[in-house]
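Enquirer:
There are 2 protein chains.
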Amino acid sequence: MANVEMTRKEREKLMHKDAILNASVRLFSDKGFHNVSMQDIAEESEFAVGTLYNFFQSKEQLFTELMNNCADKIYNTLWPILESNLRQDEKLRTFVRAYAKFAEDNIEFIRLYISEYGTLTLILPHDGHAEKIKAVIDAKISDIIKSGIKNNIFRPVDTEIITLALLSTIRSFIFESSKEFNKAKVEQGLKKIEQLFVDTLLIPENRSNG
Amino acid sequence: MANVEMTRKEREKLMHKDAILNASVRLFSDKGFHNVSMQDIAEESEFAVGTLYNFFQSKEQLFTELMNNCADKIYNTLWPILESNLRQDEKLRTFVRAYAKFAEDNIEFIRLYISEYGTLTLILPHDGHAEKIKAVIDAKISDIIKSGIKNNIFRPVDTEIITLALLSTIRSFIFESSKEFNKAKVEQGLKKIEQLFVDTLLIPENRSNG
DNA sequence: TCATATTATGAATTATCGTTCATATAAAGT
DNA sequence: ACTTTATATGAACGATAATTCATAATATGA
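First to last, the sequence lines map onto chains A and Z.
For the first sequence, the residue numbers in my numbering are 1 to 210.
For the second sequence, the residue numbers in my numbering are 211 to 420.
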């Protein structure tokens, strides 16, 4: 972040750590935690195995840090939108679009995040940070829908279920798309998800596009 | 299946194999493939490690067979509904309800199935059978929606997206529920999913309940 | 009852992988 | 140039876990 204050050495050290994390995300996102060895990460990042342990206490630590970075990145991208002053329907639309943009720029990251936290959770090393962030975002979406209903913008649907539906659909769609990423297709698909959910939610008098 | 034709020995052998598979599903569904050892399975099933290898070539074989059984069970439950003569909207409603019932009776099975095939796929040993079944069901749901649109029962929505949305919502909901299963809650939730999707799809003149 | 065939056993083997650490390399300071 | 400090290296270690196999137990049928 504030890398003006740093010496060249410190900056290089950060770069190295970053290189290791980048190599890791590539490998983990397509093989999964248990099918990637520290050897593999060492080769991919062009460091020696021992060097990895200068940066991370253990393989689990490395993985946890990776997931937490990922969760934070997602949080920093999406939270401002959810906290903005947009009307509830526009908030949801913007949220979906931002998800698409984020996915485009961070496909391995998001693939890993969705595959690990989409369903699984119990199995891999984690300290709960990423799950907390997921829960916070889920709750916020739920709030937005509730408040949209209160303001007579949305129809009075079951909030829990539509939140689950919206988020699981976005996540599944992006996960499917990530197998062979195609920018145009993803944008088109997410626009359709936006239409499906937001237009379904809107009470007719608020609809402007069809 | 046709265990009338079998000797007692053959029947017992099948029972043993079944006991091993049942022990495995319990363990895999709450620890995941890589966190369950053949030792663990041996203890849980009350056989020796070596005995497991009289029934299965390898741990991967065992897992693959388990997943394939699971997929077949789901297929046999759901396919008849999708092929029935019900009107398209009733087909979807029945499908959702059958999913709930199936989940109730086979919670470990379905938890394993969804967690492995909900998102992940690449990471675990598999021969593609379970994926094929998933694809076949997905395609069939898509067809039903298309045909509902053709018959003016459903609104002309984007078929791909609504299929993805419906199935990913069902799967996420059941997976979430499986963490602490509660029959009433699951039935209630799936009824809401049914309402959300099927009622959204129906063109107003076909609606009977609200 | 005894010989044969079937099935079960679990200690031993083998392989993999996370982790450590003595050593090498390179940078910084004097 | 020489000392000190920081960083990188990868062979060696130890633990875990899949798999094998010689042996034991059990069932079958003559």
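For glycine and all other residues, C-beta sits at the position ideal for the given N, C-alpha and C.
On a predicted model such as this, the values are computed, not experimentally measured, just so you know.
#1: Do residue 299 of chain Z and residue 358 of chain Z have their C-beta atoms closer together than 8 Å?
#2: Give me the subset of the region 304–315 of chain Z whose CB atoms are less than 9 Å from a CB atom of chain A, sorted by chain position.
#3: Just confirm the distance between the C-beta atoms of residue 29 of chain A and residue 112 of chain A, as a whole number of angstroms; I'd bet it's less than 8 Å.
#4: Between the region 182–195 of chain A and chain Z, which residues of the former have CB atoms less than 9 Å from a CB of the latter, in chain order?
#5: Assign residue 120 of chain A to one of two classes, buried (16 or more other C-beta atoms within 10 Å of its C-beta) or exposed (fewer than that).
#6: Pick helix, strand or coil for residue 120 of chain A, following the three-state DSSP scheme.
#7: Tell me the DSSP bridge mates of residue 412 of chain Z?
#8: In chain Z, which residues lie with their C-beta within 8 Å of the C-beta of residue 200 of chain A?
#9: For the region 143–166 of chain A, which residues have a beta carbon sitting closer than 9 Å to at least one beta carbon of chain Z?
#10: Do residue 317 of chain Z and residue 381 of chain Z have their CB atoms nearer than 8 Å?
#11: Mind checking the region 18–38 of chain A against chain Z and listing, in chain order, the residues whose C-beta falls within less than 7 Å of any C-beta there?
#12: Would you call residue 91 of chain A buried or exposed, if buried means 16 or more other Cβ atoms sit within 10 Å of its Cβ?
#13: Look at residue 52 of chain A and residue 38 of chain A and say whether their C-beta atoms are less than 8 Å apart.
#14: By how many angstroms is the C-alpha of residue 224 of chain Z removed from the C-alpha of residue 216 of chain Z?
#15: Jot down the residue ranges of each uninterrupted alpha helix (DSSP H) in the region 212–258 of chain Z, minimum 4 residues, whole runs only, in chain order.
#16: Is there contact here, the region 145–162 of chain A with the region 192–208 of chain A, by at least three beta-carbon pairs under 8 Å?
#17: Which of the three DSSP states is assigned to residue 84 of chain A in this structure?
#18: Report the rounded CA-to-CA distance for residue 211 of chain A versus residue 195 of chain A, giving the unit in angstroms.
#19: Give me the residue from Z:270, Z:335, Z:289 and Z:252 with the minimum Cα distance to residue 347 of chain Z.
#20: Please identify, using Cβ separations under 7 Å, the residues of the region 54–88 of chain A that lie next to chain Z, in order along the chain.
Expert: With the structure as the only source:
#1: yes
#2: none
#3: 4 Å
#4: 189, 192, 193 and 195
#5: Because residue 120 of chain A sits at a pLDDT of 49, beneath the cut-off of 50, its placement in the model cannot be relied upon, and the following sentence gives the value as read from the coordinates. With 16 or more Cβ atoms within 10 Å of its Cβ, residue 120 of chain A is classed as buried.
#6: Residue placement at residue 120 of chain A is flagged as unreliable, the pLDDT there being 49, under the threshold of 50; the coordinate-derived value follows with that caveat. Three-state result, residue 120 of chain A: coil.
#7: Z:364
#8: 410
#9: 157, 158, 160, 161, 162, 164, 165 and 166
#10: no
#11: 30, 31, 32, 34 and 35
#12: buried
#13: yes
#14: 10 Å
#15: 218–241 and 248–255
#16: yes
#17: coil
#18: Look at the range of chain A in this structure, 1 to 210, and you will see that residue 211 of chain A is not part of it.
#19: Z:289
#20: none
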